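A.B. asks:
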Amino acid sequence: LISCSKQESMDALTARVFTVAEQQYLTMDTRLEVTTLPQSIASDSTFKSSTIYWWCSGFYPGSLWYIYEYTQNEAVKTLSAKNTLKLDPIQYVTNDHDVGFQLNCSYGNGFRLTGNEDYKKVLYQGAQSLATRFSSVTGVIRSWDFLRRGWKYPVIIDNMMNLELLMFASKAFDNDTLEYVARTHANTTLKNHFRKDYSSYHLVDYDPEDGHVRSRQTVQGYSNESSWGRGQAWALYGYTMMFRMTRDEKYLEHAENIADMLLSRLPVDGIPYWDFDAPNGNEYRDASAGAIMASAFVELSGFATDEKARQNYLSIAEKQLRTLASSHYLAEPGTNCNFILKHSVGNLPEKSEVDVPLSYADYYFLEALLRYKKAMG
Ligand code: GLY
Numbered sequence: 112l113i114s115c116s117k118q119e120s121m122d123a124l125t126a127r128v129f130t131v132a133e134q135q136y137l138t139m140d141t142r143l144e145v146t147t148l149p150q151s152i153a154s155d156s157t158f159k160s161s162t163i164y165w166w167c168s169g170f171y172p173g174s175l176w177y178i179y180e181y182t183q184n185e186a187v188k189t190l191s192a193k194n195t196l197k198l199d200p201i202q203y204v205t206n207d208h209d210v211g212f213q214l215n216c217s218y219g220n221g222f223r224l225t226g227n228e229d230y231k232k233v234l235y236q237g238a239q240s241l242a243t244r245f246s247s248v249t250g251v252i253r254s255w256d257f258l259r260r261g262w263k264y265p266v267i268i269d270n271m272m273n274l275e276l277l278m279f280a281s282k283a284f285d286n287d288t289l290e291y292v293a294r295t296h297a298n299t300t301l302k303n304h305f306r307k308d309y310s311s312y313h314l315v316d317y318d319p320e321d322g323h324v325r326s327r328q329t330v331q332g333y334s335n336e337s338s339w340g341r342g343q344a345w346a347l348y349g350y351t352m353m354f355r356m357t358r359d360e361k362y363l364e365h366a367e368n369i370a371d372m373l374l375s376r377l378p379v380d381g382i383p384y385w386d387f388d389a390p391n392g393n394e395y396r397d398a399s400a401g402a403i404m405a406s407a408f409v410e411l412s413g414f415a416t417d418e419k420a421r422q423n424y425l426s427i428a429e430k431q432l433r434t435l436a437s438s439h440y441l442a443e444p445g446t447n448c449n450f451i452l453k454h455s456v457g458n459l460p461e462k463s464e465v466d467v468p469l470s471y472a473d474y475y476f477l478e479a480l481l482r483y484k485k486a487m488g
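Heads up, the sequence shown is in the working numbering, so the first residue is 112 and it goes up one at a time.
1. Since Ala415 contacts Glu478 with CB under 8 Å, what's their CB separation in whole angstroms?
2. Under 8 Å from any heavy atom of the ligand GLY, does the C-beta of Asp380 make it?
3. Apart from the five residues on each side of it in sequence, which residues of its chain come closer than 7 Å, Cβ to Cβ, to His454?
4. Once you ignore the five residues that flank Ala428 on each side, which residues in its own chain have a CB closer than 6 Å to its CB?
5. May I ask whether a heavy atom of the ligand GLY can be found less than 8 Å away from the beta carbon of Asp308?
6. Please state if the CB of Arg327 and the CB of Lys263 are separated by a distance shorter than 9 Å.
7. Just how far apart, CA to CA, sit Gln239 and Ser151?
8. Take Tyr362 and list the residues in its own chain whose beta-carbon comes closer than 6 Å to its own, dropping the five residues that flank it on each side.
9. Three or more C-beta pairs under 8 Å: does that hold for the region 220-231 against the region 286-293?
10. Per DSSP, which residues does Pro149 bridge with? Please list them.
11. The ligand GLY and Asn227: does any heavy atom of the ligand fall closer than 8 Å to the residue's C-beta?
12. Just how far apart, CA to CA, sit Gly237 and Tyr230?
13. Provide the residue span of the alpha helix (DSSP H) that contains Leu106, from first to last.
14. Note down the Cα distance separating Phe212 from Gly169, rounded to an integer number of angstroms.
15. My guess is that Glu275 and Asn215 are in contact by the Cβ rule of under 8 Å, so how many angstroms apart are they, rounded?
16. For a quick check, are the C-beta atoms of Ser311 and Phe387 less than 9 Å apart?
17. According to DSSP, simplified to helix, strand and coil, what is Val330?
18. Just mark Thr162 as buried or exposed, buried being the case when its beta carbon has 16 or more other beta carbons within 10 Å.
19. Quick check on Trp345: does DSSP put it in helix, strand or coil?
20. Where do the N-terminal and C-terminal ends of the alpha helix (DSSP H) with Val467 fall, by residue?
21. Compare the beta carbon distance of Gln331 and Leu469 with 9 Å and say whether it is the shorter of the two.
22. Figure out for me which residue from Ser334, Asn447, Leu452 has the closest Cα to the Cα of Asp155.
23. Is any heavy atom in the ligand GLY found nearer than 8 Å to the beta carbon of Phe212?
24. Assuming Leu435 contacts Ala486 under a Cβ cut-off of 8 Å, what Cβ separation, rounded to an integer in Å, is found between them?
25. Under the rule that 16 or more other beta-carbon atoms within 10 Å means buried, what is Asp321, buried or exposed?
26. So, are the CB atoms of Ser247 and Thr300 less than 9 Å apart?
27. From His313, Ser191, Thr182, pick the residue whose C-alpha is nearest to that of Trp176; which is it?
28. Between Gln135 and Asn449, is the Cβ-Cβ spacing less than 9 Å?
29. For Ala186, which option in Leu432, Ala420, Thr138 has the closest C-alpha, if you only look at C-alpha atoms?
30. Within 10 angstroms of the Cβ of Phe245, are there 16 or more other Cβ atoms? Answer buried if so, exposed if not.
31. Comparing the CB of Asp207 with every heavy atom of the ligand GLY, is any distance shorter than 8 Å?
32. Which same chain residues, not among the five before or five after Val456, have their C-beta less than 6 Å away from its C-beta?
33. Which residue's Cα is closest to the Cα of Asp140: Ala280, Val128, Ala126, Phe158?
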């Protein structure tokens, strides 16, 4: 039999996803209180929210801004602003590195779409708070203050994502120190976090006295020498973003090396296992890592100089977006506690958030679709 069914166009797919997203996220707001944001589904299948201090608090307002950007629905805009403002105290947080994630997704998108100067001020204060965690001895921003396993100065690959807030603020307020901190963190991470094949360790622990690397480990991956799926996604996105923000070719080269490693290792449907090296029988997919990578691949396709590479990056991104938009991953409206995507993995070694929806999978999925639409003109 020859199938005559035509493949859905990416425009139609994007419209279909944003219809689901709008419905789900308008209802999601009714589940929240004045200081809570969506996190996931709990083990008893009920909706799980977080306080504003959880690292994911910026993703719901950020996704709302993306839905508003696509739909221009004023009701969504009102909810975007309302949920963004919940995060106001985050600008003063100095005991954790996630300020960049939290504020850039919420206030950052809010400022980009509205030009609201109050949002810009919050972003600047947040960048200054984040920069207090930088040490010129180690050359990196400290990720966590809590100490396990004898750590002295732990830095995780995820931290690359926080640099976007610093780069934004350095440009918007003409502050060279913030750019210096971001570039130095990216350079030190490039030197110490990567293996020869461009896969990355999750955590590098530094000696705060002289800056030497004390150990390289995993926290959320399968083993110290394995490639944790989302960690590879943060690395790809982080160096692609740093090239966009600085135009420094070494970041582009590094992002392409990571991308090529991923192209050779991703499953055919484009969605990574929670860890690339997880043994058989333990192979949950992580939709969040697929969504983050898709967004980064689309952006990278606009920067790569080799035409073949551009095509490869765009086509893996399209594959990932099509898989995520399939019924296996995309929720039916009214189900999935109003999250958009199913099947992400938060922290498998801790048996926490395994095969559940996660607010950041939704966020990067919507971002990737918008980026793809722009890339296609
Ligand atoms: N930044 C924490 C995580 O990716 O799980």
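We treat Cβ as the ideally placed atom computed from N, Cα and C, and that holds for glycine. Remember, it's a predicted structure, so these values are computed and weren't measured experimentally.
C.D. replies: In short, the structure shows the following:
1. Indexing the sequence shown from 1 puts residue 415 at position 304. Indexing the sequence shown from 1 puts residue 478 at position 367. Cβ-Cβ separation between Ala415 and Glu478: approximately 19 Å, too far for a contact (criterion under 8 Å).
2. Residue numbering aside, residue 380 sits at position 269 when the sequence shown is read from its first letter. No.
3. For the purposes of this step, residue 454 is taken as the residue at position 343 of the sequence shown. Arg396, Ala398, Tyr440, Asp466, listed in sequence order.
4. Position 317 of the sequence shown, counting from 1, holds the residue named residue 428. Cβ neighbours of Ala428 beyond the five flanking positions: Ala405, Phe408, Val409.
5. What you label residue 308 is simply residue 197 of the sequence shown in a count that begins at 1. No; taking the cut-off as 8 Å, the Cβ of Asp308 has no heavy atom of the ligand GLY nearer than that.
6. Walking along the sequence shown from the start, residue 263 turns up at place 152. Walking along the sequence shown from the start, residue 327 turns up at place 216. A distance of 9 Å or more separates the beta carbons of Lys263 and Arg327.
7. Start at 1 with the first residue of the sequence shown, and residue 239 comes out as number 128. Start at 1 with the first residue of the sequence shown, and residue 151 comes out as number 40. Rounded to whole angstroms, Gln239 and Ser151 show a C-alpha spacing of 30 Å.
8. In the sequence shown, residue 362 corresponds to position 251, counting from 1. Excluding residues within five positions, the ones whose Cβ falls inside 6 Å are Tyr350, Met353, Phe354.
9. Too few Cβ pairs lie closer than 8 Å, so no.
10. Position 38 of the sequence shown holds residue 149. Residue pairing of Pro149 in beta bridges, as defined by DSSP: Ser160.
11. On the sequence shown, position 116 is the one that residue 227 refers to. Asn227: no, Cβ never under 8 Å from the ligand GLY.
12. Reading the sequence shown from its first residue, position 126 is the one you call residue 237. Reading the sequence shown from its first residue, position 119 is the one you call residue 230. So the two alpha carbons sit approximately 11 Å from each other.
13. This structure cannot speak to residue 106, because the chain is shown only from 112 to 488.
14. Your numbering for residue 212 matches position 101 in the sequence shown. Your numbering for residue 169 matches position 58 in the sequence shown. Using only the alpha carbons, I get a separation of about 7 Å.
15. Here residue 275 refers to the residue found at position 164 of the sequence shown. Here residue 215 refers to the residue found at position 104 of the sequence shown. At roughly 5 Å, the Cβ-Cβ gap stays under 8 Å, so Glu275 and Asn215 are in contact.
16. Start at 1 with the first residue of the sequence shown, and residue 311 comes out as number 200. Start at 1 with the first residue of the sequence shown, and residue 387 comes out as number 276. Their beta carbons are not under 9 Å apart, which means Ser311 does not touch Phe387 by this criterion.
17. In the sequence shown, residue 330 corresponds to position 219, counting from 1. Coil, per DSSP.
18. Locating residue 162 in the sequence shown gives position 51, counting from the first residue. Under this definition Thr162 is an exposed residue.
19. Working through the sequence shown from its first residue, we reach residue 345 at position 234. Three-state result, Trp345: helix.
20. Your numbering for residue 467 matches position 356 in the sequence shown. Element bounds for Val467: not the alpha helix (DSSP H) but the beta strand (DSSP E), 463-467.
21. The residue labelled residue 331 in the question sits at position 220 within the sequence shown. The residue labelled residue 469 in the question sits at position 358 within the sequence shown. It is not a contact, given that the beta carbons lie outside the stated cut-off.
22. Taking the sequence shown and counting its residues from 1, one reaches residue 155 at position 44. Answer by Cα proximity: Asn447.
23. Looking up residue 212 in the sequence shown gives position 101. For Phe212, the shortest separation between its Cβ and any heavy atom of the ligand GLY lies below 8 Å.
24. Within the sequence shown, numbered from 1, the residue matching residue 435 stands at position 324. Within the sequence shown, numbered from 1, the residue matching residue 486 stands at position 375. Contact doesn't hold; Cβ gap of about 17 Å is too wide.
25. Numbered from 1 along the sequence shown, position 210 holds the residue referred to as residue 321. Counting the other CB atoms within 10 Å of its CB gives Asp321 a total below 16, which places it among the exposed residues.
26. Within the sequence shown, the letter at position 136 stands for residue 247. Within the sequence shown, the letter at position 189 stands for residue 300. No; because the gap between Cβ atoms is not below 9 Å, this pair is not in contact.
27. Here residue 176 refers to the residue found at position 65 of the sequence shown. When only C-alpha atoms are compared, the closest one is Ser191.
28. Position 24 of the sequence shown, counted from the first residue, corresponds to residue 135. Position 338 of the sequence shown, counted from the first residue, corresponds to residue 449. Closer than 9 Å, so yes.
29. Walking along the sequence shown from the start, residue 186 turns up at place 75. Residue Thr138 is the option with its Cα nearest to Ala186.
30. As a first step, residue 245 must be located in the sequence shown, where it is residue number 134. Its Cβ being crowded by 16 or more others within 10 Å, Phe245 is buried.
31. Your numbering for residue 207 matches position 96 in the sequence shown. No.
32. Here residue 456 refers to the residue found at position 345 of the sequence shown. Excluding positions up to five away in sequence, the list reads Trp385, Tyr395, Asp397, Val465.
33. Here residue 140 refers to the residue found at position 29 of the sequence shown. The shortest C-alpha separation from Asp140 is found at Phe158.
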